[in-house]
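Take a look at the structure set out below.
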Amino acid sequence: MIPERYNAKEAEPKWQKAWSDGEIFRTRNDDPRPKYYVLEMFPYPSGRIHMGHVRNYAMGDVVARFMRAKGFNVLHPMGWDAFGLPAENAARDRGVHPGAWTYANIDAMRGQLQSMGLSLDWSREIATCDPAYYKHQQRLFLDFLKAGLVDRRTARVNWDPVDQTVLANEQVIDGRGWRSGAPVEQRELTQWFLKITDYAQDLLDALDRLERWPEKVRLMQKNWIGRSEGLLVRFALDPAAAPAGESELDIYTTRPDTLFGARFMAVAPDHPLARAAAARDPALAAFIEECRRTGTAAEAIETAEKLGYDTGIRALHPFDPDWTLPVYVANFILMDYGTGAIFGCPAHDQRDLDFVNKYGLGNTPVVCPPGADPATFAITDTAYDGDGRLINSRFLDGMSVDDAKEEVARRLERETRGGRPVAERRVNFRLRDWGISRQRYWGCPIPVIHCEDCGVVPVPPEQLPVVLPEDVSFDGPGNPLDRHPTWTHVDCPRCARPARRETDTMDTFVDSSWYFARFTDPWDAAAPTDRRAVDRWLPVDQYIGGIEHAILHLLYSRFFTRAMNATGHSGIADGEPFAGLFTQGMVVHETYRAADGAWLMPGEVRIDQEGSERRAYRLDTGAPVEIGSIEKMSKSKKNTVDPDDIIGSYGADTARWFMLSDSPPERDVIWTEEGVQGAGRFVQRVWRLVGEVAAIEAAAPSAPDHPVRRAAHKTLAAVEEAIEALRFNVAVARIYELANAVQSELQAARLDNAEAANAAALRQATELLVHLIAPMMPHLAEECWGALGREGLVAQAAWPAVERSLLVENAITLPVQVNGKKRADVTVARDADQAA
RNA sequence: GCGGCCAUGGCGGAAUUGGUAGACGCGCUAGCUUGAGGUGCUAGUACUGCAAGGUGUGGAGGUUCGAGUCCUCUUGGCCGCACCA
């Protein structure tokens, strides 16, 4: 006897236990079936999962369960991106050790994920803060060091004054720290770098081959790598005014064609020539100091005037030694792009034009736009950067921009000064090396030792891991490791004399740059990876996560797999970690605001539908509440919904189903109470249908081409296609259609007094329906599977095969159009040969 | 400023990729049923019109027998980068 209502609260833990007891999601590396690796970005253990996680993991689980049913050996693991600053903040604010805080959070979140019924192989669980994990990361670091992929150098770095740490360029957003939001300062520090620029060209080229990546992400990475082709030109300096030892100024330009439009030279405030000149000119030194203070914040840059200081140094034009150009130090020249120096051509570069207009240096147009009169063409406030014919440029006159570029390059390449060519063609990248030093405690220690005599000495591999000390205090500012009384003191592995441990830890993005590789054999204690496992499993076939990692994590990981290939830790084809990438949209929700302006949580308001009007009232006082805009769920706007509450009241299947329905997965999904209720109604409707179908006696075999069988197989084909394309909302809609078809047929059958052929067809269609919902609502599917009298677990059942013959209609209805308007339908019988 | 994406009913969206626009869900309307745990069922729901019909995928053109889909221009919204020489 089947109870009337489906009880998710009882059913879900029951099936979760059945899956777990049967170890049916445990993946073996020696399984001979074709592999499929599906991975969702692992979470930071903040303490609670949020709806974004539910959406992300629901999608991944559909793919995992579907591919498993399709006969693949599916790897679907989960872990924790467990190092990071919030743990230290918790330690400081609440006096709990970062490790204890982190592991408590992991335990809580693991329980939440398990309540979602995800088909994860928990035996492969890893946490990046576990010495058993970061030990291997330290090993990778040492091997990268040996291979020349690590650099230690003094560099001007982004310093976050609030978090008291260095940030990578990628972690500075609009001139502010990505976590603290504080304006970033520039500081000179000795830092560890991973030489991602070694792979700039390859990282760029391979993007074109990542066909299953969103175009948007590929483009963002392309722009971030920022390749340009140009000319490095060595300008001679007028010896009369040059500082001692300085005879040349190297500039990089992508517009050598405009060389005859040059009006000035400019160098960055940090440029060696600027420093040399400042040494003999206190006013210049003061100007440079002023530039430094302006900072790099977006607002500062936008409002900043172009400022320059004439050093008195003069550069000689490469085509005319009698033509001298003043050398300025200018605040808008970046030291870390090109050579940190430019030649200014005001007529064809807006920044240069702004600059000359301020300092009265004038301009000479050298490119005449098509249609303009070369005799009268003049530039005043707007630089012209388009195509055209060269003018005022001696031997270049009349040439196109491209021809002129080529001509200048050809001539200057041939000329030499001091045994070197005056110019060289250069490919330049915007991408900088990845600074990984962080002055924090809760991160992976960089495994090197500083010895006064031997310099920087790597920790011998057999001494790994360098484990974080437990007894640290978070009272003072800066890095607690620096203040540790004993941990820093260590003997030099080379000369055995007292030495000092490196106290910088690695950027947490290092941790997440190879975890997907570790999942392939997380038990290996001897090495970061087992070559057979990692080469077999990687690349990840389908990676799913948020667009916010379009550059940071996804670029670093692409670098890491290349570096691992180079150091023998992997042999991944093309060096690419993720063959397929999907970036899912956010979960958004209405906001509610009380009369006093305070935000209210969804649980604090009651929504009334008054005709077509929706009105909100406070639950406690009944006072009217303003319904605000729909925004990303956030604590500050209080428009969050707790997954625990939803799973507790509706069940995980309802939450999963709603997350997958409604919006296309790459777009934002609006979480609504009505929508969840709709999903909950469907759960009950499926259960009722299954119950009624199961109760009907199927006396005779089904007519093979019964309409409901036809509908079921059409749906099967459509859902399969939709899941493969990750179009879960379409798959959901097709399943609704099938449920409607089954329900109609059931009613028809009841009216016919349960005609036998219908009953068998109905049963088959209903079984297909259960197969179809299984990847999305796995618990309900198991319950229905049993109710239909099927043995075993639907989670282990093979995906049904589409009967192709049922997809072809015997009769075709054709619209008859006249002048593009439908005027009639004509139904014709399909040719029997074609129908087969 | 540069680059990209998007635009379809009251809402989220679908459209076999150039072939009946609005599937499916939400909401709403009417009726029946149920009556204490998120009911169920039936019918309707792009706009306009009593109807036949007409109009309709942000706007304007174009290609085509046929355009939500392709091309050109344009408007609005969202996102990324941004003194990159």
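Quick note: the first sequence, position 811, residue 811 per our numbering, numbers continuous.
Built from N, CA and C at the ideal position, the CB exists for glycine as well.
Thr382 beta carbon less than 7 Å from that of Asp250: For Asp250 and Thr382, no; Cβs fall outside 7 Å.
Contact defined as beta carbons within less than 8 Å: I believe Thr505 pairs with Pro602. What is the distance between those atoms, to the nearest angstrom? Contact between Thr505 and Pro602 does not hold, since the beta-carbon distance rounds to 39 Å and is not under 8 Å.
Mark Ile436 as exposed unless 16 or more other C-beta atoms lie within 10 angstroms of its C-beta, in which case mark it buried. Label assigned to Ile436: buried.
Inter-stretch contact at 8 Å, needing at least 3 Cβ pairs: the region 464-481 / the region 82-100: They touch, by the three-pair rule.
Between which two residues does the beta strand (DSSP E) carrying Asp320 extend? Asp320 -> beta strand (DSSP E) spans 320-330.
Given this structure, state the Cα-to-Cα distance separating Asn639 from Ala616, to the nearest angstrom. Within the model, the alpha-carbon separation for Asn639 versus Ala616 is close to 14 Å.
How about Tyr133: is its Cβ closer than 6 Å to a heavy atom in the ligand FMN? Ligands in the displayed structure: none, and consequently the ligand FMN is not present.
Taking buried to mean at least 16 other C-beta atoms within 10 Å of its own C-beta, is Glu4 buried or exposed? Classification for Glu4: exposed.
Taking C-beta to C-beta, are Arg48 and Pro775 nearer than 7 Å? Cβ distance not < 7 Å, so Arg48 and Pro775 don't count as in contact.
Could you pull the start and end residues of the alpha helix (DSSP H) that Cys784 belongs to? Where Cys784 is concerned, the enclosing alpha helix (DSSP H) stretches over 778-787.
Please state whether DSSP places Gly312 in a helix, a strand or coil. In the structure shown, Gly312 sits in a strand (DSSP, three-state: E or B).
So does the region 539-547 actually touch the region 489-501, counting three or more Cβ pairs closer than 8 Å? As far as the Cβ criterion goes, the region 539-547 does not touch the region 489-501, which means the pair count is below three.
Let's test the definition: count the other Cβ atoms within 10 Å of the Cβ of Asp107 and tell me whether it reaches 16, buried, or not, exposed. With fewer than 16 other Cβ atoms within 10 Å, it is exposed.
Tell me, to the nearest whole angstrom, how far the beta carbon of Ile24 is from that of Ala795; I am working on the premise that it is less than 8 Å. In this structure, Ile24 and Ala795 form a Cβ contact; the two beta carbons are roughly 6 Å apart against a cut-off of 8 Å.
Please report the distance separating the alpha-carbon of Pro800 from that of His771. Each residue's alpha carbon lies about 8 Å from the other.
Determine whether the beta carbon atoms of Tyr592 and Leu600 lie at a separation below 7 Å. Cβ atoms of Tyr592 and Leu600: closer than 7 Å.
For Lys14 and Asp61, I'd like the C-alpha separation in whole angstroms. Cα to Cα, Lys14 sits roughly 19 Å from Asp61.
Thinking C-alpha only, which one of Glu289, Ser805, Pro369, Asn357 is nearest Asn331? Residue Glu289 is the option with its Cα nearest to Asn331.
Taking only runs that begin and end inside the region 478-540, name each unbroken beta strand (DSSP E) of 3 or more residues, in chain order. Secondary structure in the region 478-540: the beta strand (DSSP E) runs of 3 residues or longer, each lying completely within the stretch, are 489-491, 498-501 in chain order.
Spatial neighbours of Leu788 in its chain, beta-carbon cut-off 8 Å, leaving aside the 5 residues before and after: Answer for Leu788: Val690, Val693, Ala694, Arg763, Thr766, Glu767, Val770, listed in chain order.
Specify, as a first and last residue, the run of the beta strand (DSSP E) that Ala155 falls within. 150-160 is the span of the beta strand (DSSP E), which, as asked, contains Ala155.
Identify which residue in Leu194, Asn89, Gly651, Tyr252 has its Cα closest to the Cα of Gly478. The shortest Cα separation from Gly478 among Leu194, Asn89, Gly651, Tyr252 belongs to Asn89.
Cα-Cα separation, Arg292 to Gln186: Spanning the two alpha carbons is a distance of roughly 8 Å.
Backbone secondary structure at Val641 - three-state DSSP: Three-state DSSP puts Val641 in coil, outside helix and strand.
With respect to the alpha helix (DSSP H) encompassing Asn428, which residues constitute its N-terminal and C-terminal limits? Element bounds for Asn428: not the alpha helix (DSSP H) but the beta strand (DSSP E), 423-429.
How far does the beta strand (DSSP E) with Phe83 in it extend, from its first residue to its last? Premise fails: Phe83 is in no beta strand (DSSP E) and is neither H nor E.
Using CA coordinates, which residue listed in Phe260, Ala268, Ile342, Gly371 is at the minimum distance from Lys405? Of all alpha-carbon atoms in Phe260, Ala268, Ile342, Gly371, the one lying nearest the alpha-carbon of Lys405 is that of Phe260.
At 4 residues or longer, what runs of the alpha helix (DSSP H) sit wholly inside the region 682-748? Runs of the alpha helix (DSSP H) inside the region 682-748: 707-724.
Name the two residues that bound the continuous alpha helix (DSSP H) containing Gln584. That residue, Gln584, is in no alpha helix (DSSP H); its beta strand (DSSP E) goes 581-584.
From the DSSP output, in three-state form, read off Arg5 for me. Note: Arg5 maps to coil in three-state DSSP.
Say whether the region 441-455 touches the region 80-89, bearing in mind that this needs 3 or more beta-carbon pairs closer than 8 Å, one atom from each stretch. The answer is yes - the region 80-89 touches the region 441-455, with three or more Cβ pairs under 8 Å.
Any contact of the region 561-569 with the region 646-653, i.e. 3+ C-beta pairs under 8 Å? Result no; under three Cβ-Cβ pairs closer than 8 Å.
When Thr715, His706, Tyr736 are compared against Ala759, the one with the closest alpha-carbon: Distances from the alpha-carbon of Ala759 to those of Thr715, His706, Tyr736 put His706 closest.
Who are the near neighbours of Gln554 in its chain, counting only those whose CB is closer than 8 Å to its CB and skipping five residues on each side? The question names Gln, but residue 554 is Leu in the sequence shown. Within the same chain, Cβ atoms closer than 8 Å to the Cβ of Leu554 are found at Val217, Gln221, Phe578, Leu581, the five residues on either side in sequence being excluded.
Cβ of Val184 within 7 Å of Cβ of Gly175? Contact flag set, yes.
Between Ala236 and Asn392, what straight-line distance do the alpha-carbon atoms span, to the nearest angstrom? So the alpha carbons of these two residues sit roughly 23 Å apart.
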